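What follows is a set of notes on a single structure, which appears directly below.
There are 2 protein chains.
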Amino acid sequence: MSKKPYIRPLDFKHGCIDLTHGSGGRAMAQLIDELFLKAFDNPLLRQLNDQAAFDVPAGRMVMATDSHVVTPLFFPGGDIGSLAVHGTVNDVAMSGARPLYLAAGFILEEGFPLGDLKRIVESMAAAAEEAGVAIVTGDTKVVEQGKGDGVFINTTGFGVVPPGIDISGNRARPGDRILVNGTLGDHGVAIMSQRENLSFGTGIESDSVALHGLVAAMVETVPNLHCLRDPTRGGLAATLNELAQQSAVGMRIEESSLPLREGVRGACEFLGLDPLYVANEGKLVAICAAEDAEPLLEAMREHPLGREAAIIGEVQEDPNHFVQMQTAFGGMRMVDWISGEQLPRIC
Amino acid sequence: MSKKPYIRPLDFKHGCIDLTHGSGGRAMAQLIDELFLKAFDNPLLRQLNDQAAFDVPAGRMVMATDSHVVTPLFFPGGDIGSLAVHGTVNDVAMSGARPLYLAAGFILEEGFPLGDLKRIVESMAAAAEEAGVAIVTGDTKVVEQGKGDGVFINTTGFGVVPPGIDISGNRARPGDRILVNGTLGDHGVAIMSQRENLSFGTGIESDSVALHGLVAAMVETVPNLHCLRDPTRGGLAATLNELAQQSAVGMRIEESSLPLREGVRGACEFLGLDPLYVANEGKLVAICAAEDAEPLLEAMREHPLGREAAIIGEVQEDPNHFVQMQTAFGGMRMVDWISGEQLPRIC
């Protein structure tokens, strides 16, 4: 937090994180000054207090938090920094809120290259700027080598819900339509393609992106949107099961309606994975009344992040709250929760 | 998030965290149901969305975040769970705000005993209840064995600043008085006493506690309080140097005025540590106008968490922004930032 020049500036070419960078002393102040403040610069962060203060109008606010432990740290279409911004912006946006502020907490492993950290922090700053959110407060901790894994990033987001919007996972009703904004499984396959022993070069990039602009367009067209959720860990299957449970309904989706890239389909077949369970980071599931479905689909398709949007199924009465899928061959299949682990550390 | 009974309830006696607990599937839902929702239960958390929504009046809000990586996880006077609540509640409170809500992000290591996690989560729940804050949203990630260290907890707090309060690190002015609410270094010495090879049994407990009640009493008596900050990592020395830099002033403190337990003094002498640099988790530094110092001191001493409060020095003009200490022997000594690491992973 010092304005005094440090004896030597941080060496982003050859330097590494050491325990002093988390000690609360001069080395930590230097890391904050020369890296975080520079990259994230904004008036709230520049208050340099241990908290950020800002004025809000009366109304409905939301808060969402996500810790990011993705491995590898850099992957096709993004890195842990951009993912940490998109993931939390999207959790805020899934309430219909406009995301405003992010808090960022870093857990760094001793020995982590300062150059990699700089790349991640700058990617985070770019993602935040593109999303129009400010990173207003933060925290840095350092753990010994072997007690972490390079860098973990927690982001907590804060946003404001426009008046009249009431989007919640418990609002799905029988007869409602289920929509997605585009292709499924891109993020998970992009990460897998980079993992050790799985380098099969699919050319698939993560779909990681901030969705609040798309959400704003959707609620403008259909203010009475019932549910929104981003199918991240556990994929579409986990999200639909969560919503079915929360709303005490069943769901039926059609396999032939699910948008899927050829490369993702191929990679999943090769690996024995089901794309329904593969994570996304730039997708959303929307549920609305039947009569709102066509206008909503149109609004989504007009937005750059909804070009491949589709109506994929509908909500049904079902005391068991099952999610079922009509397969391409005409049969019905249960879409259950996964009980085991499909893809660890995907976000 | 399921309301269905799981086939077998979690085994808190012999069970361990595995990667499925972070997968977004049924095992994660079970962990959330049977541990987190049960311990933290409140209406906002029960919304079960990926974000918590709440109504606020117009005004000044604050946000603060802290990742907790303390080792050992359990220590005299607390554990990582209570610390994660107190640390963030205090960062929020140091703006004069009333803390309202917390978000909690867990990074768990594969193999971590479920029983230890339960103990930590219940301690967190008790600390939150005692502090009158609700844990309204959360996130759980699991990393492979050897890629974490048991459990890391990020907490992000949200609070409301009462009208008319403007507390900030840049408001210290020459002539202002510097106060603390009690003895210094207790937390750091309590942690050290538990570390391997340092088991010297001081009987000192961590001072970890939520300070917003004390702060409320202080701003009621002195609404024009200039600065508040909790001297955690880096101790009193780091905090005074930060405030001196931010306010562009110098400071002079008196060694004879610093409240210090005999056990802490002894442990520091034994270990060659300076108590000025040892962390606290239930202490605050307050800076106010000279004429407000006595009323403020009185208000602090009337509060259970300020019984041993003291005026420890004053703010001075100083273009170098130095912090100096009049020693017990009458000499003057520089109180600089530490540049190295005194105590890694103290919070």
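The listed protein sequences derive, respectively, from chains B and W.
Numbering-wise (the UniProt record's numbering), the first sequence opens with residue 1 and increments by one.
Numbering-wise (the UniProt record's numbering), the second sequence opens with residue 1 and increments by one.
C-beta: ideal position from N, C-alpha, C; glycine also.
Source: prediction; values computed, not measured.
Suppose you measure from the CA of M1 of chain B to the CA of C347 of chain B; what does that come to, to the nearest Å? Within the first sequence, residue 1 of chain B is the residue found at index 1, counting from 1. Within the first sequence, residue 347 of chain B is the residue found at index 347, counting from 1. Low confidence applies to M1 of chain B: its pLDDT is 42, below 50, so where it sits in the model is not reliable, and the reading given next is rough at best. Taking the straight line joining both Cα atoms gives about 31 Å.
Give me the Cβ distance between D55 of chain B and R98 of chain W, rounded to the nearest whole Å; I'm assuming they're in contact under 8 Å. What you label residue 55 of chain B is simply residue 55 of the first sequence in a count that begins at 1. What you label residue 98 of chain W is simply residue 98 of the second sequence in a count that begins at 1. Not a contact, Cβ separation roughly 16 Å.
Between F152 of chain B and L45 of chain B, what straight-line distance do the alpha-carbon atoms span, to the nearest angstrom? As a working mapping, residue 152 of chain B is identified with position 152 in the first sequence. As a working mapping, residue 45 of chain B is identified with position 45 in the first sequence. Cα to Cα, the separation comes out at about 21 Å.
Helix, strand or coil: how does DSSP classify E298 of chain W here? Mapped onto the second sequence, residue 298 of chain W falls at position 298. Residue state, collapsed to three classes: helix.
Would the beta-carbon of D176 of chain W fall within 9 Å of that of V315 of chain W? Taking the first residue of the second sequence as position 1, residue 176 of chain W is located at position 176. Taking the first residue of the second sequence as position 1, residue 315 of chain W is located at position 315. Contact flag set, yes.
Counting only Cβ pairs nearer than 8 Å, list the residues of chain B close to V136 of chain W. Against the second sequence, residue 136 of chain W aligns to sequence position 136. Correct list: M63.
Short Cβ contact (9 Å threshold) for E281 of chain B with H187 of chain B: In the first sequence, counting from the first residue as 1, residue 281 of chain B sits at position 281. In the first sequence, counting from the first residue as 1, residue 187 of chain B sits at position 187. Cβ distance < 9 Å, so E281 of chain B and H187 of chain B count as in contact.
What are the boundary residues of the beta strand (DSSP E) that V161 of chain W is part of? Within the second sequence, the letter at position 161 stands for residue 161 of chain W. That run of the beta strand (DSSP E) goes V151 to V161.
Please classify N154 of chain B: is it buried, with 16 or more other beta-carbons within 10 angstroms of its beta-carbon, or exposed? On the first sequence, residue 154 of chain B is found 154 positions in, with the first residue counted as 1. Buried: at least 16 other Cβ atoms inside 10 Å.
Q51 of chain W vs S257 of chain B beta-carbon contact at 9 Å: The residue labelled residue 51 of chain W in the question sits at position 51 within the second sequence. The residue labelled residue 257 of chain B in the question sits at position 257 within the first sequence. Their beta carbons are not under 9 Å apart, which means Q51 of chain W does not touch S257 of chain B by this criterion.
Between which two residues does the alpha helix (DSSP H) harbouring D207 of chain B extend? Against the first sequence, residue 207 of chain B aligns to sequence position 207. Neither: D207 of chain B is in no alpha helix (DSSP H) and is coded neither H nor E.
Check whether chain W comes within 9 Å of N181 of chain B, counting only Cβ atoms and requiring the distance to be less than that. Within the first sequence, numbered from 1, the residue matching residue 181 of chain B stands at position 181. Not one chain W Cβ lies under 9 Å of N181 of chain B.
Using 10 angstroms around the beta-carbon of I7 of chain W, count the other beta-carbons present and answer buried if the total reaches 16, otherwise exposed. As a working mapping, residue 7 of chain W is identified with position 7 in the second sequence. I7 of chain W should be labelled exposed.
Using a Cβ cut-off of 9 Å (strictly closer), state whether I107 of chain B contacts chain W. By 1-based counting over the first sequence, the position of residue 107 of chain B is 107. Taking Cβ atoms only, chain W reaches closer than 9 Å to I107 of chain B, which makes this a yes.
Just the Cα atoms here: how many angstroms apart are G105 of chain B and A58 of chain B? Position 105 of the first sequence, counted from the first residue, corresponds to residue 105 of chain B. Position 58 of the first sequence, counted from the first residue, corresponds to residue 58 of chain B. Taking the straight line joining both Cα atoms gives about 28 Å.
Can you tell me whether F36 of chain B is buried or exposed, with buried defined as 16 or more other CB within 10 angstroms of its CB? Within the first sequence, the letter at position 36 stands for residue 36 of chain B. By the 10 Å Cβ count, F36 of chain B comes out buried.
Hey, is L273 of chain W's beta-carbon within less than 9 Å of any beta-carbon in chain C? The chain labelled as chain C is not found among the protein chains of the depicted structure, namely B and W.
Residues of chain B with CB closer than 9 Å to the CB of G250 of chain W, please, in chain order. Reading the second sequence from its first residue, position 250 is the one you call residue 250 of chain W. Near G250 of chain W there are no residues of chain B at all, since even the closest Cβ is about 13 Å away, more than 9 Å.
From this set, W:I178, W:H226 and W:L228, which residue's C-alpha is nearest M325 of chain W's C-alpha? Your numbering for residue 325 of chain W matches position 325 in the second sequence. Out of W:I178, W:H226 and W:L228, W:I178 has the C-alpha closest to the C-alpha of M325 of chain W.
Pairwise C-alpha distance: V323 of chain B and K3 of chain W: For the purposes of this step, residue 3 of chain W is taken as residue 3 along the second sequence, with counting starting at 1. For the purposes of this step, residue 323 of chain B is taken as residue 323 along the first sequence, with counting starting at 1. Low per-residue confidence applies at K3 of chain W: pLDDT is 49, beneath 50, and the placement is therefore not dependable, though the value from the model is reported in the following sentence. Each residue's Cα considered, the two are about 15 Å apart.
Start and end residues, beta strand (DSSP E) containing M94 of chain B: As a first step, residue 94 of chain B is located in the first sequence; it is residue number 94 there, counting from the start. M94 of chain B -> no beta strand (DSSP E), and no H or E assigned at all.
In three-state terms, what does DSSP make of G22 of chain W? By 1-based counting over the second sequence, the position of residue 22 of chain W is 22. Reduced to three states, the DSSP call for G22 of chain W is helix.
Chain B contact residues for V92 of chain W, given Cβ-Cβ distances below 7 Å: Residue numbering aside, residue 92 of chain W sits at position 92 when the second sequence is read from its first letter. The contacting residues are Q51.
Could you have a look at G15 of chain B and say whether DSSP puts it in helix, strand or coil? Working through the first sequence from its first residue, we reach residue 15 of chain B at position 15. Coil at G15 of chain B, not helix or strand.
Is there at least one Cβ from chain B nearer than 9 Å to M218 of chain W's Cβ? Translated into positions along the second sequence, residue 218 of chain W becomes position 218. Closer than 9 Å: no.
Can you look up T232 of chain B in the DSSP assignment and give me helix, strand or coil? Along the first sequence, one-based indexing puts residue 232 of chain B at 232. Coil at T232 of chain B, not helix or strand.
What residues from chain B crowd round G259 of chain W, counting only those whose CB sits closer than 9 Å? The residue you call residue 259 of chain W lines up with position 259 of the second sequence. First, the amino acid is wrong: residue 259 of chain W is Pro here, not Gly. Chain B residues near P259 of chain W: none, gap ~20 Å exceeds 9 Å.
Is it buried or exposed, M300 of chain B, if we count other Cβ atoms within 10 angstroms and call 16 or more buried? Locating residue 300 of chain B in the first sequence gives position 300, where the first residue counts as 1. So M300 of chain B ends up on the buried side.
Below 8 Å, can you find three or more Cβ-Cβ pairs linking the segment 6-23 of chain W to the segment 214-227 of chain B? no
Would you report the Cα separation of N320 of chain B and V136 of chain W, rounded to the nearest angstrom? Counting from 1 along the first sequence, the entry for residue 320 of chain B is found at position 320. Counting from 1 along the second sequence, the entry for residue 136 of chain W is found at position 136. If I take the Cα positions, the gap works out to 28 Å.
Given the structure, does A27 of chain W come close to the ligand NAP, in the sense that its CB is under 8 Å from one of the ligand's heavy atoms? You won't find the ligand NAP in this model; it holds no ligand whatsoever.
Taking only the alpha-carbon atoms, compute the straight-line gap between K38 of chain W and K118 of chain W and give it to the nearest angstrom. Here residue 38 of chain W refers to the residue found at position 38 when the second sequence is read from its first residue. Here residue 118 of chain W refers to the residue found at position 118 when the second sequence is read from its first residue. Each residue's alpha carbon lies about 11 Å from the other.
When you compare only the Cα positions, how much space is there between A267 of chain W and A190 of chain W? In the second sequence, counting from the first residue as 1, residue 267 of chain W sits at position 267. In the second sequence, counting from the first residue as 1, residue 190 of chain W sits at position 190. Using only the alpha carbons, I get a separation of about 10 Å.
In its own chain, which residues sit with a C-beta less than 8 Å from the C-beta of M28 of chain B, not counting the 5 before and 5 after it? Reading the first sequence from its first residue, position 28 is the one you call residue 28 of chain B. Contacts found: T20, H21, G22 and T140.
Let me know the secondary structure DSSP gives E277 of chain W once reduced to three states. Taking the second sequence and counting its residues from 1, the one referred to as residue 277 of chain W is at position 277. In the sequence as presented, Glu is not what sits at residue 277 of chain W; that position holds Tyr. In the structure shown, Y277 of chain W sits in a helix (DSSP, three-state: H, G or I).
So which residues on chain W does P174 of chain B lean against when the C-beta distance must stay under 9 Å? Position 174 of the first sequence, counting from 1, holds the residue named residue 174 of chain B. Residues of chain W passing the Cβ test: none, with the nearest at roughly 18 Å.
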